[in-house]
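A.B. asks:
There are 2 protein chains.
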Amino acid sequence: MKFLPDYGDVERAYSLIAPMVHRTPVLTSTSINIITGGNIFFKCENLQKVGAFKFRGASNAVFSLSEEDARKGVATHSSGNHAAALALAARMRGIPAHIVMPSSSPEIKKRAVAGYGGIITLCEPTLQARESTLNEVVRQTGATIIHPYDNFFVIAGQGTAAKELIEDAGPFDLIISPVGGGGLLSGTAIAAKHLSPSCRVIAAEPAGADDAYRSFIAHKIIPSEHPKTIADGLLTSLGQRNFSIISELVDDIVTVSEEKIIEAMRLVWERMKIIIEPSSAVPLGAILEGKIKVEGFKTGIILSGGNLDLGKLPF
Amino acid sequence: MKFLPDYGDVERAYSLIAPMVHRTPVLTSTSINIITGGNIFFKCENLQKVGAFKFRGASNAVFSLSEEDARKGVATHSSGNHAAALALAARMRGIPAHIVMPSSSPEIKKRAVAGYGGIITLCEPTLQARESTLNEVVRQTGATIIHPYDNFFVIAGQGTAAKELIEDAGPFDLIISPVGGGGLLSGTAIAAKHLSPSCRVIAAEPAGADDAYRSFIAHKIIPSEHPKTIADGLLTSLGQRNFSIISELVDDIVTVSEEKIIEAMRLVWERMKIIIEPSSAVPLGAILEGKIKVEGFKTGIILSGGNLDLGKLPF
Numbered sequence: 001m002k003f004l005p006d007y008g009d010v011e012r013a014y015s016l017i018a019p020m021v022h023r024t025p026v027l028t029s030t031s032i033n034i035i036t037g038g039n040i041f042f043k044c045e046n047l048q049k050v051g052a053f054k055f056r057g058a059s060n061a062v063f064s065l066s067e068e069d070a071r072k073g074v075a076t077h078s079s080g081n082h083a084a085a086l087a088l089a090a091r092m093r094g095i096p097a098h099i100v101m102p103s104s105s106p107e108i109k110k111r112a113v114a115g116y117g118g119i120i121t122l123c124e125p126t127l128q129a130r131e132s133t134l135n136e137v138v139r140q141t142g143a144t145i146i147h148p149y150d151n152f153f154v155i156a157g158q159g160t161a162a163k164e165l166i167e168d169a170g171p172f173d174l175i176i177s178p179v180g181g182g183g184l185l186s187g188t189a190i191a192a193k194h195l196s197p198s199c200r201v202i203a204a205e206p207a208g209a210d211d212a213y214r215s216f217i218a219h220k221i222i223p224s225e226h227p228k229t230i231a232d233g234l235l236t237s238l239g240q241r242n243f244s245i246i247s248e249l250v251d252d253i254v255t256v257s258e259e260k261i262i263e264a265m266r267l268v269w270e271r272m273k274i275i276i277e278p279s280s281a282v283p284l285g286a287i288l289e290g291k292i293k294v295e296g297f298k299t300g301i302i303l304s305g306g307n308l309d310l311g312k313l314p315f
Numbered sequence: 001m002k003f004l005p006d007y008g009d010v011e012r013a014y015s016l017i018a019p020m021v022h023r024t025p026v027l028t029s030t031s032i033n034i035i036t037g038g039n040i041f042f043k044c045e046n047l048q049k050v051g052a053f054k055f056r057g058a059s060n061a062v063f064s065l066s067e068e069d070a071r072k073g074v075a076t077h078s079s080g081n082h083a084a085a086l087a088l089a090a091r092m093r094g095i096p097a098h099i100v101m102p103s104s105s106p107e108i109k110k111r112a113v114a115g116y117g118g119i120i121t122l123c124e125p126t127l128q129a130r131e132s133t134l135n136e137v138v139r140q141t142g143a144t145i146i147h148p149y150d151n152f153f154v155i156a157g158q159g160t161a162a163k164e165l166i167e168d169a170g171p172f173d174l175i176i177s178p179v180g181g182g183g184l185l186s187g188t189a190i191a192a193k194h195l196s197p198s199c200r201v202i203a204a205e206p207a208g209a210d211d212a213y214r215s216f217i218a219h220k221i222i223p224s225e226h227p228k229t230i231a232d233g234l235l236t237s238l239g240q241r242n243f244s245i246i247s248e249l250v251d252d253i254v255t256v257s258e259e260k261i262i263e264a265m266r267l268v269w270e271r272m273k274i275i276i277e278p279s280s281a282v283p284l285g286a287i288l289e290g291k292i293k294v295e296g297f298k299t300g301i302i303l304s305g306g307n308l309d310l311g312k313l314p315f
């Protein structure tokens, strides 16, 4: 078994999951092009099943399991989009998904996971409790742990979003992805560098959770410590596989202020009439902040997801 | 000149405006299908230019003018999506758009029209003042009045949304459109009955602005009096051309409570991650209220627009 996926693995993922995922639309906005001076194509993974790109990686991981492994189910600890995505993918294969969640998780997130048929085990809200509880679940069930981003099949699955984007609107001069654990970014880089070889791939990260930026500069993984950002999908530290791929294929990582993340989020809501969560707004925020120049470059942006509490908008 | 457009006019409209309009995506939602028991395809005109289907009709009207007429510009009185759509279409043809707006219009709407290059003339907030001011503008400029819905080219243009919907996902058993002045509904009925002849076309209208429902039953136009609904795009009375087409081609009109309009709006925001204005939510509201049965019918819904004040959500 290879440690790192390559483009062939993205293609295999695509063949496996295409019947299950939405081929999400690629949208453009004249007014955002005027504001930014760019020619930007938005790949709308906020319109993906479970409202996030995470369903691509989760479904590839679930459907890549052998029959024997699959029967024992899958497991993860997560309270975010990956948990919901894994639960839905498992339900589609007819196998159990064990989701370890901190007892402090908002009710709305517990309901989302339960709604997709996930079997929830609550634990204390510490990383140690989450890991020990997950290990106990796996010991009892024999389920396969599907890591939210540091997983061969998850990375290959996430790469299918960029593959579709380039097929539908490419080639590109530049593709921008947000980065948290690095699952979307590493998959995007694999697909983009293969299908559109002269395309630069740049990641945008909240300044308040800049471990990927610091790791990229330092050429080693520097874990996230006390991250603080409204972009709650990007709080995690880079995974080992993700860091290896990013180091090799990504051209640059830039950081973005909270102010510009919120401004970009509002701009997309108002001008494009689509709901994106703050994490999705980080690439456009980087452009608005002048961290990435798009004038003269045909640019793709992956909008990663649209899950947020409508009662708690930042504007 | 014919009084009423037919499907040939919808096709001509499509040839004319296709390079200018977005071919908006058709989206589906597994969870909304589970909730409603249906198999529903949403045509996302909220993602159209200016955030509403109105740009289709306005651009068809503007680009159908002779060179000589076009030079003198176009004019309308409106404070809604039609005004913005007409301004943008006129700018694209390089001609003036004179928009008469009541002085009481919200700043946000004035800015939207001005932002698309519309020339605004303010007037007293009465229908009489709007009409006399519009006539004065036309007397001075020779501009052609483009009515927001009771206009041959506007109706033909609005029909292109259903044409695309059926081409991309049809044929259908049922197509549902909201109804206000009847521009979208009449264009939709012309396209649907031609391209998918066995398809029923049903209109959904707020119970608080039910003039189309009452007119349909009475077989004559009954003007809207003191309408009151959150669906502010549907306050107007049926036009003459629209009523003729609707009487001939539409199978039924149903009314929907405010409560179900808001519930449907929230459901689309939360499950589909797209922003729709209340008027767009009326068809799904009718389904949630049990006024239209979708079980067993392949159903298309036209989501008419996505323009609303994000600071004033009803949930």
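As you go down the protein sequences, you meet chains A and B in turn.
Each residue of the first sequence is one higher than the one before, starting from 1 at the first, in this note's numbering.
Each residue of the second sequence is one higher than the one before, starting from 1 at the first, in this note's numbering.
All residues carry an ideal CB built from backbone N, CA and C; glycine is no exception.
Being a predicted model, the structure only gives us computed values, none of them experimental.
(1) Who are the Cβ neighbours of Val254 of chain B in its own chain at under 8 Å, not counting the five residues just before and after it?
(2) Taking C-beta to C-beta, are Thr121 of chain B and Val138 of chain B nearer than 8 Å?
(3) Determine the chain B residues that contact Glu270 of chain A at a beta-carbon separation under 7 Å, and present them in chain order.
(4) Would you say Thr30 of chain B reaches chain A, if we count a Cβ-Cβ gap shorter than 8 Å as a contact?
(5) In terms of residue numbering, what span does the alpha helix (DSSP H) encompassing Leu249 of chain A cover?
(6) What's the gap between the Cα of Arg111 of chain A and the Cα of Ala97 of chain A?
(7) Between which two residues does the beta strand (DSSP E) harbouring Phe41 of chain A extend?
(8) On the DSSP letters alone, give me the boundaries of the alpha helix (DSSP H) that Lys110 of chain A sits inside.
(9) What does His98 of chain B pair with, by DSSP beta-bridge criteria?
(10) Just reading off the beta strand (DSSP E) that Ile166 of chain A is part of, what are its end residues?
(11) May I ask which residues mark the beginning and end of the beta strand (DSSP E) holding Thr255 of chain A?
(12) If Asn242 of chain A and Ile155 of chain A are in contact, beta carbons under 8 Å, what's the gap, nearest whole angstrom?
(13) Tell me, please, which residues DSSP counts as bridged to Arg200 of chain B.
(14) Flag this pair as touching only if the region 293-305 of chain A and the region 4-15 of chain B have three or more C-beta atom pairs under 8 Å; answer yes or no.
(15) Count the other CB atoms, across all protein chains shown, that sit within 10 Å of the CB of Glu107 of chain B; report buried if there are 16 or more and exposed otherwise.
(16) Threshold first: 4 residues or longer. Then list the alpha helix (DSSP H) segments lying entirely within the region 124-153 of chain B, N to C.
(17) Quick one: does Lys273 of chain B have its CB under 8 Å from some CB of chain A?
(18) Relative to chain B, which residues along the region 46-69 of chain A have a C-beta separation below 8 Å, given in chain order?
(19) Please compile the residues from chain B whose C-beta is within a distance smaller than 8 Å of the C-beta of Gly285 of chain A.
(20) Below 8 Å on the Cβ atoms is my guess for Ser79 of chain B versus Lys109 of chain B; work out the distance and round it to an integer in Å.
(21) Please state the DSSP three-state secondary structure of Gly300 of chain B.
(22) Rank A:Phe53, A:Glu248, A:Glu225, A:Glu131 by C-alpha distance to the C-alpha of Ile217 of chain A and give the top, closest one.
(23) Please go through the same chain and pick out, in chain order, the residues whose beta-carbon is closer than 7 Å to the beta-carbon of Ala70 of chain B, but skip the five residues on each side of it.
(24) Given Asn337 of chain A, which residues of its chain have a CB within under 7 Å of its CB, disregarding the five upstream and five downstream residues?
(25) What does DSSP give as the partner residue(s) for Val26 of chain B in the beta ladder?
(26) When you compare the region 155-165 of chain B with the region 185-198 of chain B, are there three or more beta-carbon pairs, one atom per stretch, that lie closer than 8 Å?
(27) Rounded to the nearest angstrom, how far is the Cβ of Asp232 of chain A from that of Gly181 of chain A, given a contact under 8 Å?
(28) For Pro25 of chain A and chain B, any beta-carbon pair shorter than 8 Å?
(29) Roughly how many angstroms lie between the CA atoms of Ile301 of chain A and Lys43 of chain A, to the nearest whole one?
(30) Here's the rule I'm using: 16 or more other beta-carbon atoms within 10 Å means buried, otherwise exposed. How should Met101 of chain B be labelled?
(31) Can you tell me which residues form a DSSP beta bridge with Glu205 of chain B?
(32) Counting only Cβ-Cβ distances shorter than 9 Å, please list the residues of the region 111-126 of chain A near chain B, keeping chain order.
(33) I want to see whether chain A comes within less than 8 Å of Phe41 of chain B, judged by CB atoms only; does it?
(34) Mind checking Pro125 of chain A: buried by the 16 CB within 10 Å criterion, or exposed?
C.D. replies: Taking the definition as stated:
(1) By one-based count along the second sequence, residue 254 of chain B stands at place 254. The residues are Ile202, Ala203, Ala204, Glu205, Tyr213, Ala286, Lys291, Ile292.
(2) The residue given as residue 121 of chain B occupies position 121 in the second sequence. The residue given as residue 138 of chain B occupies position 138 in the second sequence. No; because the gap between Cβ atoms is not below 8 Å, this pair is not in contact.
(3) In the first sequence, counting from the first residue as 1, residue 270 of chain A sits at position 270. Residues of chain B passing the Cβ test: Leu310.
(4) Here residue 30 of chain B corresponds to residue number 30 of the second sequence, with the count starting at 1. Yes, contact with chain A.
(5) Within the first sequence, numbered from 1, the residue matching residue 249 of chain A stands at position 249. From DSSP, the alpha helix (DSSP H) with Leu249 of chain A extends over 240-249.
(6) Indexing the first sequence from 1 puts residue 111 of chain A at position 111. Indexing the first sequence from 1 puts residue 97 of chain A at position 97. Their Cα atoms are separated by approximately 15 Å.
(7) Counting from 1 along the first sequence, the entry for residue 41 of chain A is found at position 41. Note, Phe41 of chain A: beta strand (DSSP E), 39-44.
(8) Position 110 of the first sequence, counting from 1, holds the residue named residue 110 of chain A. Residues 107-115.
(9) Stepping through the second sequence from its first residue, residue 98 of chain B is reached at position 98. According to DSSP, which records beta bridges pairwise, His98 of chain B is partnered with B:Ala75, B:Ile119.
(10) Along the first sequence, read from residue 1 onward, the residue named residue 166 of chain A stands at position 166. Here Ile166 of chain A belongs to no beta strand (DSSP E); instead the alpha helix (DSSP H) covers 152-169.
(11) On the first sequence, residue 255 of chain A is found 255 positions in, with the first residue counted as 1. Per DSSP, Thr255 of chain A belongs to the beta strand (DSSP E) from 252-256.
(12) Numbered from 1 along the first sequence, position 242 holds the residue referred to as residue 242 of chain A. Numbered from 1 along the first sequence, position 155 holds the residue referred to as residue 155 of chain A. Contact flag correct, Cβ pair sits at about 7 Å.
(13) In the second sequence, counting from the first residue as 1, residue 200 of chain B sits at position 200. Bridge partners of Arg200 of chain B: B:Leu174.
(14) As far as the Cβ criterion goes, the region 293-305 of chain A does not touch the region 4-15 of chain B, which means the pair count is below three.
(15) Start at 1 with the first residue of the second sequence, and residue 107 of chain B comes out as number 107. Answer is exposed; the Cβ neighbour count stays below 16.
(16) Correct list: 127-141.
(17) As a first step, residue 273 of chain B is located in the second sequence; it is residue number 273 there, counting from the start. Yes, Lys273 of chain B lies at the interface with chain A (some Cβ there is under 8 Å from its Cβ).
(18) Here the close residues are Asn46, Leu47, Lys49, Gly51.
(19) What you label residue 285 of chain A is simply residue 285 of the first sequence in a count that begins at 1. Taking a Cβ-Cβ threshold of 8 Å, none of the residues of chain B is close to Gly285 of chain A; the smallest such distance is about 18 Å.
(20) Taking the first residue of the second sequence as position 1, residue 79 of chain B is located at position 79. Taking the first residue of the second sequence as position 1, residue 109 of chain B is located at position 109. That pair is a contact at about 5 Å.
(21) To locate residue 300 of chain B, count along the second sequence from 1; it is residue 300. In the structure shown, Gly300 of chain B sits in a strand (DSSP, three-state: E or B).
(22) Counted from its first residue, the first sequence places residue 217 of chain A at position 217. For the residues A:Phe53, A:Glu248, A:Glu225, A:Glu131, the minimum Cα distance to Ile217 of chain A belongs to A:Glu248.
(23) One-based indexing of the second sequence puts residue 70 of chain B at position 70. Only Arg93, Ile95 meet the Cβ criterion.
(24) This structure cannot speak to residue 337 of chain A, because chain A is shown only from 1 to 315.
(25) Along the second sequence, read from residue 1 onward, the residue named residue 26 of chain B stands at position 26. In the DSSP output, where bridge partners are listed per residue, Val26 of chain B has B:Lys43.
(26) With the cut-off at 8 Å, the region 155-165 of chain B and the region 185-198 of chain B touch.
(27) On the first sequence, position 232 is the one that residue 232 of chain A refers to. On the first sequence, position 181 is the one that residue 181 of chain A refers to. The distance from the Cβ of Asp232 of chain A to that of Gly181 of chain A is about 13 Å, inconsistent with a contact at the 8 Å cut-off.
(28) Numbered from 1 along the first sequence, position 25 holds the residue referred to as residue 25 of chain A. Yes, Pro25 of chain A lies at the interface with chain B (some Cβ there is under 8 Å from its Cβ).
(29) As a first step, residue 301 of chain A is located in the first sequence; it is residue number 301 there, counting from the start. As a first step, residue 43 of chain A is located in the first sequence; it is residue number 43 there, counting from the start. Computed Cα separation, rounded: 6 Å.
(30) Here the question's residue 101 of chain B lines up with position 101 in the second sequence. Answer is buried; the Cβ neighbour count reaches 16.
(31) Here residue 205 of chain B refers to the residue found at position 205 when the second sequence is read from its first residue. DSSP lists B:Thr255 as partners of Glu205 of chain B.
(32) Going along the region 111-126 of chain A in chain order, one finds Gly115 with a Cβ nearer than 9 Å to chain B.
(33) Your numbering for residue 41 of chain B matches position 41 in the second sequence. No, because no Cβ of chain A sits closer than 8 Å to the Cβ of Phe41 of chain B.
(34) By one-based count along the first sequence, residue 125 of chain A stands at place 125. Exposed, because fewer than 16 other Cβ atoms sit within 10 Å of the Cβ of Pro125 of chain A.
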